[in-house]
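J.: Chains W and E supply the protein sequences, listed in that same order. First residue of the first sequence? That's 1 in this note's numbering, and the numbers climb one at a time after it. First residue of the second sequence? That's 113 in this note's numbering, and the numbers climb one at a time after it. Glycine included, C-beta positions come from ideal geometry on N, C-alpha and C.
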Amino acid sequence: DAMVIQNPRYQVTQFGKPVTLSCSQTLNHNVMYWYQQKSSQAPKLLFHYYDKDFNNEADTPDNFQSRRPNTSFCFLDIRSPGLGDAAMYLCATSRDSTYEQYFGPGTRLTVT
Amino acid sequence: KQEVTQIPAALSVPEGENLVLNCSFTDSAIYNLQWFRQDPGKGLTSLLLIQSSQREQTSGRLNASLDKSSGRSTLYIAASQPGDSATYLCASDTGRRALTFGSGTRLQVQP
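(1) What residues in its chain sit with their C-beta under 7 angstroms from that of residue 147(E), if we drop five residues either side in the sequence?
(2) By DSSP, does residue 85(W) sit in helix, in strand, or in coil?
(3) List the DSSP bridge partners of residue 32(W).
(4) If you draw a straight line from the C-alpha of residue 142(E) to the C-alpha of residue 93(W), how long is it?
(5) Report back the beta-carbon spacing between residue 247(E) and residue 117(E) to the nearest angstrom; my notes put them in contact at under 8 angstroms.
(6) If we call anything under 8 angstroms between Cβ atoms a contact, is residue 16(W) one with residue 72(W)?
(7) Compare the beta carbon distance of residue 36(W) and residue 87(W) with 8 angstroms and say whether it is the shorter of the two.
(8) For residue 196(E), I'd like the list of residues in its chain whose CB is within less than 7 angstroms of its CB, leaving aside the five on either flank, ordered along the chain.
(9) For a cutoff of 8 angstroms on Cβ pairs, would you count residue 64(W) as touching chain E?
(10) Helix, strand or coil for residue 205(E), going by three-state DSSP, please let me know.
(11) Looking at the structure shown, is residue 77(W) part of a helix, part of a strand, or coil, going by DSSP?
(12) Can you give me the Cβ contacts of residue 238(E) inside the same chain, cut-off strictly under 8 angstroms, excluding the 5 residues immediately before and after it?
(13) Please go through the same chain and pick out, in chain order, the residues whose beta-carbon is closer than 6 angstroms to the beta-carbon of residue 169(E), but skip the five residues on each side of it.
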């Protein structure tokens, strides 16, 4: 089945220790998104790739970076995680920017 | 800047009831509106997508409507079941390639 896969599902990192979250898709969609969802809050878009073009949201902290080496994979790098970065990180894809978004199961990040 | 509001924040109903979840948005210039379901600690499952030119979409027991002029969308769930218990989120796309989400309605269907 075509799908969006996120690894790992649970990640524990130490304060200030860089961490990378992974997303892959078999849908061959050209747009990939990263959202942050804190407890009991709405998902918030961090950035997205439209093909190879990177689009950062204005209020996304510099601590968050992303890489998309090919159509199928996209990575979220947190350079120096703080306690406030503990959240669920959701990856999504869409065929184009105005089409339905498909979400992965998420990675729950804990910062100790 | 688009703002999306969902009312009520939480809802508890007995099994078998028909129910309506509400979503309102401030910018009516949307490309589409999407309804999602989220189970505790899990990702989002897309339920229905309504394009701006459409008035409603149906999937099984779910029906979503869209009224752009009033800035509202509703999700109607017929004959609710305990398995419908989850948080339901609506999200609007204003063409910036970014979905703006509401905070969700937490639904509990009592057996």
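T.: Short version:
(1) 159, 160, 176, 187, 200, 202
(2) It is helical.
(3) According to DSSP, residue 32(W) bridges with 49(W), 93(W).
(4) 19 angstroms
(5) Because residue 247(E) is not part of the residues shown, which for chain E are 113 to 223, the question remains open.
(6) Not closer than 8 angstroms, so no.
(7) yes
(8) 189, 219, 221
(9) no
(10) Strand.
(11) Residue 77(W) falls in the strand class under three-state DSSP.
(12) Because chain E here runs from 113 to 223, residue 238(E) falls outside it and cannot be looked at.
(13) 160, 162, 176
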